[in-house]
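Below is one structure, written out as structure tokens; comments come after it.
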Amino acid sequence: MLFLPQRYPKITFILICLAMNDLGNTVPERNYNTTRRRDDDDDDGCSEAANLLPDRLSELPESLLVQILSLLRIEEAVRTGVLSTRWKNLWNHIDNIIIIYPLKKNKTWCDSEQKRFISIVDQTLTRLTCPNIKLFSLSTSTDGLDNWLHWVYSRNVEFLQLDYMGHRYTPPEWFFHLSSLVHLDIARCDFINLGSVVSWTSLKSLSLSNVIISDEQISMILSGCPVLEDVVFDNIISDLYLDDDDDVVTLLNIVSPSVKTLTVIPLDGIDTMELLEINAPSIQYLEILGDSYCLDIRLINVSSLVKANLDYACYDEDDSSIEEDYDGDFPGGPTKLNVDDFHLLVATRLLKSVCHLEELEFGPQLIQALSILKLWHKPCPLFSCKHLTLHLRVLRYELPGIAYLLQNSPRLETLVIKVKEPCTTYQTNFSLYLNRICKFEGDAYLRRERGDFLRLKNMKISHFLSLCCHNELTRRNKEYCGFELAAYIVKSACVLEKLAITSAEDDLCNCPTNCSMRYVSLLSHKSWHSFCDGKEVCEWKLRKKSPCQILFSNARWMSPNSVNLRNHI
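The opening residue of the sequence shown carries number 30 in our numbering; numbering runs sequentially from there.
Listed below in structure tokens is the structure:
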């Protein structure tokens, strides 16, 4: 991921404080002048002496001050020149340049304002003296990009982030010969002037977002990056999309032995069927993220893959693709059903492609596909993973898929479930169907499911939502079955050593009614008593102004300050 200092406004303050703290241990104390101030309330006209605070910031070495200024946007760094004579020209030496075109709410900039902005940037860049720029981040919709990129070319920039917020920007041909580039993040551009040769000989990470590019141009770029390690394709637009409504085939042919990480975020909002084929024999980590409408993913060759994160979802605007004639109550089977067989085929094929990996992350699409396979009594691949992470909402209709996955993961040692925010807009192709037929209660369903998780030692359920019952999203998420699932796993995992259930990071436990505990009790008391009779294994850690956490352990030792959950339910 790319480091954007403007997203972290506190970092400058933190660095100053740390530097001043270190400085206080090394710099000898000095006598500071004092001023005398007239006290208007003093009848005899005497003034009261007041000591000024020491200027600790001025004691910092110049190199550290320049480093701090480099974390600011360029206009903020320039403003520091009015602080004192010493600060007047400090910003001239910064090596991180962050330029963001200021946008007006519900307004557009006139030509004169745009020209003034371009002139200011031009004048500012000419005053910078650092010969080697580490970071140049530019977000703009104005002209002048060619001149600014020429300046970047002359300063041996290492990290270039370019986000053109206008229609689209076409980089000049010489842009593809920046041999000093180590990290490149480029958005909303096209590659018409790519030329026949790309020479990014030092590039290690590449991120292309919302760019128009062909499969051949992707191969050409990758061939010109001999030391490339990390690649991100985010909503890349194939030039075939500019044609009619034909289906589009995107072949990511990444044969470079240096590329180890590949992240793909498919194009969303397009009705055209997209076939994404990945041939990457050397990558070790694959991510397929994001949401789309029509997507066919095929892993052609990923023989070196060690870890995969398949947290993607396919959404339908309506349920017109789902036709059913469902006879009998659960756990019977459908006599005639068409639940978008295409997406089920894609998900099943993808599961088989990664079932041999030791570390996996799945999103709702694949878990819901497993739920359908389970309800239809179809076979599930046998997984070899030791570490499994699920990005879910842990709703009722996802329980069959979770149980099916765990039952077919005999080597699983660590399970992490990251609970997502409930979706209030679109539903996946599968969830529309599953929500109709899964009328069972979560704990009732899990009681019927076998579970022999012989190697599972650690489990964590991490909530995006607050556990506080006063939280609106918590109240709306009535079908959440995380505690029923936790109880099922405790019952089925004979060597389980630790189970942690944590609330959201911003869930501050400062409610005077201790509502988080009450909410835990409300969700889990039935299932916990049913599954865990006789197991005194629960520890509740609750601290003021910190996220709450429930810890289950098979150890009999209990912290003196812990509270047994059984006493509260």
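Beta carbons are placed, not taken as given, at the ideal position from N, Cα and C, and that holds for glycine.
Rounded to the nearest angstrom, how far is the Cβ of Pro429 from that of Leu461, given a contact under 8 Å?
The residue you call residue 429 lines up with position 400 of the sequence shown. The residue you call residue 461 lines up with position 432 of the sequence shown. With a Cβ gap of about 16 Å, Pro429 and Leu461 do not count as contacting.
Helix or strand or just coil, what does DSSP make of Val260?
Mapped onto the sequence shown, residue 260 falls at position 231. Looking at Val260 - three-state DSSP - the assignment turns out to be strand.
By DSSP, does His420 sit in helix, in strand, or in coil?
Locating residue 420 in the sequence shown gives position 391, where the first residue counts as 1. It is a strand residue.
What does the alpha-carbon distance come out to for the pair Arg327 and Thr158?
In the sequence shown, counting from the first residue as 1, residue 327 sits at position 298. In the sequence shown, counting from the first residue as 1, residue 158 sits at position 129. The straight-line gap from Cα to Cα measures roughly 50 Å.
Going by other Cβ atoms of all chains shown within 10 Å of its Cβ, with 16 needed for buried, is Val524 buried or exposed?
Here residue 524 refers to the residue found at position 495 of the sequence shown. Flag for Val524 reads exposed.
With DSSP run on the structure shown, which of helix, strand or coil describes Asn464?
Here the question's residue 464 lines up with position 435 in the sequence shown. It is helical.
Along the beta strand (DSSP E) that carries His212, what are the first and last residues, could you check?
As a working mapping, residue 212 is identified with position 183 in the sequence shown. 212–216 is the extent of the beta strand (DSSP E) around His212.
Leaving out five residues on either side along the sequence, give the residues of the same chain with a beta carbon under 6 Å from the beta carbon of Phe522.
In the sequence shown, counting from the first residue as 1, residue 522 sits at position 493. The identity of residue 522 in the sequence shown is Ala, whereas the question assumes Phe. The residues are Phe482, Leu485.
Own chain residues within Cβ distance below 8 Å of Ser285, not counting five before or after
Along the sequence shown, one-based indexing puts residue 285 at 256. Here the set comprises Leu251, Ser252, Cys254, Pro255, Leu257, Ser311.
Leaving aside the five residues before and after Asn121 along the sequence, list all residues of the same chain whose C-beta is less than 7 Å from its C-beta, in chain order.
Against the sequence shown, residue 121 aligns to sequence position 92. Contacts found: Arg156, Leu157, Thr158.
Give me the Cβ distance between Tyr198 and Arg184, rounded to the nearest whole Å; I'm assuming they're in contact under 8 Å.
For the purposes of this step, residue 198 is taken as the residue at position 169 of the sequence shown. For the purposes of this step, residue 184 is taken as the residue at position 155 of the sequence shown. Tyr198 to Arg184, Cβ: 20 Å. No contact.
How about Leu207 and Leu235: are their beta carbons less than 8 Å apart?
As a first step, residue 207 is located in the sequence shown; it is residue number 178 there, counting from the start. As a first step, residue 235 is located in the sequence shown; it is residue number 206 there, counting from the start. Taking 8 Å as the Cβ cut-off, Leu207 and Leu235 do not qualify as a contacting pair.
Between which two residues does the beta strand (DSSP E) holding Lys447 run?
Mapped onto the sequence shown, residue 447 falls at position 418. First-last of the beta strand (DSSP E) with Lys447: 443–448.
So the alpha helix (DSSP H) Thr114 belongs to, where does it begin and stop?
Sequence index remark: in the sequence shown, residue 114 carries index 85 (1-based). It is not in any alpha helix (DSSP H) - Thr114 carries neither H nor E in the DSSP assignment.
Whether Leu154 touches Trp177 by CB criterion (8 Å)
The count along the sequence shown starts at 1 and reaches residue 154 at position 125. The count along the sequence shown starts at 1 and reaches residue 177 at position 148. In contact: Leu154 and Trp177 (Cβ atoms closer than 8 Å).
Quick one: what's Ser491 bridged to in DSSP?
Along the sequence shown, read from residue 1 onward, the residue named residue 491 stands at position 462. Per DSSP, Lys447, Thr531.
Would you check if the distance between the CB atom of Glu387 and the CB atom of Cys414 is smaller than 8 Å?
Here residue 387 corresponds to residue number 358 of the sequence shown, with the count starting at 1. Here residue 414 corresponds to residue number 385 of the sequence shown, with the count starting at 1. Result yes, Cβ atoms of Glu387 and Cys414 sit closer than 8 Å.
What residue does the beta strand (DSSP E) around Thr158 start on, and which one ends it?
Your numbering for residue 158 matches position 129 in the sequence shown. It is not in any beta strand (DSSP E) - Thr158 carries neither H nor E in the DSSP assignment.
Please return the same chain residues whose Cβ sits closer than 6 Å to the Cβ of Phe165, not counting the five positions on each side in sequence.
On the sequence shown, position 136 is the one that residue 165 refers to. Once the five neighbours on either side are set aside, the close Cβ partners of Phe165 are Ile126, Val181, Val186, Leu189.
Compute the beta-carbon to beta-carbon distance between Ile490 and Val448, rounded to the nearest angstrom, for a pair I have assumed lies under 8 Å.
The residue given as residue 490 occupies position 461 in the sequence shown. The residue given as residue 448 occupies position 419 in the sequence shown. With 8 Å as the limit, Ile490 and Val448 qualify as a contact, their Cβ atoms being about 7 Å apart.
Opposing strand residues paired with Tyr341 [DSSP bridges]:
One-based indexing of the sequence shown puts residue 341 at position 312. Note: Tyr341 sits in a beta bridge opposite Gly319.
Taking the C-alpha atoms as reference points, what is the distance between Gln394 and Leu324?
Sequence index remark: in the sequence shown, residue 394 carries index 365 (1-based). Sequence index remark: in the sequence shown, residue 324 carries index 295 (1-based). Between Gln394 and Leu324, the C-alpha separation is close to 12 Å.
Excluding the 5 residues preceding and the 5 following Ala106 in the sequence, name in chain order all residues of the same chain whose CB lies nearer than 7 Å to its CB.
Position 77 of the sequence shown holds residue 106. Leu98, Trp120, Ile123.
Close beta carbons around Leu191, own chain, < 6 Å, minus the five adjacent residues each side
What you label residue 191 is simply residue 162 of the sequence shown in a count that begins at 1. Counting only Cβ-Cβ distances below 6 Å, and skipping sequence neighbours, we find Leu167, Ile215.
Closest to Leu237 by C-alpha separation, out of Ser225, Phe412, Tyr193, Leu435, would be which residue?
As a first step, residue 237 is located in the sequence shown; it is residue number 208 there, counting from the start. The shortest C-alpha separation from Leu237 is found at Tyr193.
Excluding the 5 residues preceding and the 5 following Glu508 in the sequence, name in chain order all residues of the same chain whose CB lies nearer than 7 Å to its CB.
As a first step, residue 508 is located in the sequence shown; it is residue number 479 there, counting from the start. Closer than 7 Å at Cβ, skipping near neighbours: Leu424, Arg425.
Helix, strand or coil for Lys403? Go by DSSP, reduced to three states.
Along the sequence shown, one-based indexing puts residue 403 at 374. Reduced to three states, the DSSP call for Lys403 is helix.
Reference Leu419; option with closest CA among Leu444, Ile401, Thr531, Phe412:
Taking the sequence shown and counting its residues from 1, the one referred to as residue 419 is at position 390. Selected option, being the one with the closest Cα: Leu444.
Is Val293 helix, strand or coil when you go by DSSP?
Along the sequence shown, one-based indexing puts residue 293 at 264. Val293: strand per DSSP, three-state reduction.
Measuring only the C-alpha atoms, how far is Phe220 from Phe205?
Residue numbering aside, residue 220 sits at position 191 when the sequence shown is read from its first letter. Residue numbering aside, residue 205 sits at position 176 when the sequence shown is read from its first letter. Straight-line Cα distance between these residues: approximately 10 Å.
Quick one: what's got a C-beta closer than 6 Å to Phe391's C-beta in the same chain, skipping five residues either side?
Within the sequence shown, the letter at position 362 stands for residue 391. The residues are Leu339, Leu419.
So, helix, strand or coil for Asp481, using DSSP?
Residue numbering aside, residue 481 sits at position 452 when the sequence shown is read from its first letter. In the structure shown, Asp481 sits in coil (DSSP, three-state: anything other than H, G, I, E or B).
Best match in Gln436, Gln397, Ser438 for proximity to Arg422 [C-alpha to C-alpha]:
Counting from 1 along the sequence shown, the entry for residue 422 is found at position 393. Ranking the options by Cα distance to Arg422, first place goes to Gln397.
Leaving out five residues on either side along the sequence, give the residues of the same chain with a beta carbon under 8 Å from the beta carbon of Gln143.
Here the question's residue 143 lines up with position 114 in the sequence shown. Excluding sequence neighbours, Gln143 sits near Thr171, Asp172.
Starting from Arg327, trace the beta strand (DSSP E) in both directions and tell me its first and last residue.
As a working mapping, residue 327 is identified with position 298 in the sequence shown. Start and end: 324–330.
Distance CB(Ser438)-CB(Leu417) smaller than 8 Å
By 1-based counting over the sequence shown, the position of residue 438 is 409. By 1-based counting over the sequence shown, the position of residue 417 is 388. Yes. Within cutoff.
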